[in-house]
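To start, the structure itself, in structure tokens.
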Amino acid sequence: MDGTSASWAKKAILGNNASGLPMKLEFKNLADISPDYANFDALGWKKGKQLYIFINNKHQNAPAEALASLLSHEAVHQDELCSLEEETYAWGYEADVWTQMKAKNPMAAQIQCPLTERLNTLSRLFTSANHTTSSIRNLVYSNPGYKGLPIHSPGF
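For reference, each letter of the sequence shown is one residue, going 669 to 824 in the numbering used here.
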């Protein structure tokens with residue numbers, strides 16, 4: 669994560685976040701939380717003051733660069749509230765980190781797994797939109813997993 673824009677996420681994961689505590693990271697069957705989350709890639713969660721990042725078990729064999737990109741996205745979520753704009757920001761941040769990770773290690777993008785396939789798509793959308801979230805926003809707003817989210821949440 670060092671040497672990329674993921675350095676912010678690394679600091680947040682290590683405790684420089686809204687809770688002041690290091691985030692707990694865990695691979696998990698997300699359907700155990702709710703069947704609605706079965707196909708999510710990861711989930712930021714808050715229980716009491718503790719922040720968690722649960723990564724879908726299907727990503728256990730993803731390259732470290734891809735996991736760092738996904739963790740960067742989830743590190744954005746530091747409270748119980750979420751919105752379409754927060755998700756758009758997080759997806760864009762994830763795409764930016766992945767774009768930088770691919771530049772540092774082009775072989776990572778060639779590893780075939782569900783996470784790298786998703787990230788390669790996000791990176792293409794991000795770079796083709798001149799490093800903005802304009803194309804990613806359309807994906808987020810049309811994602812059925814985000815149905816019912818408000819447009820804005822605190823900070824977004």
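Yeah, the Cβ is synthetic: ideal placement off N, Cα and C, and Gly gets one too. This structure is a prediction, so every number in the text was calculated from the model and none was measured.
In the structure shown, the three-state DSSP call for residue 681 is helix. The stretch 778–822 is shown to contain whole alpha helix (DSSP H) runs of 4 or more residues at 782–796, 802–810, in chain order. Relative to residue 677, the option among 813, 785, 737 whose CA is nearest is 737. Per DSSP, residue 694 lies in no alpha helix (DSSP H) segment; the continuous beta strand (DSSP E) that holds it begins and ends at 692–696.
For residue 805, the closest C-alpha among the options 760, 713, 709, 782 is that of 760. Residue pairing of residue 674 in beta bridges, as defined by DSSP: absent, with no partner found. Residue 760 carries a helical assignment under DSSP once its states are collapsed to helix, strand and coil. Taking C-alpha positions only, residue 819 is separated from residue 752 by approximately 5 Å.
Assigned with DSSP and collapsed to three states, residue 710 falls in strand.
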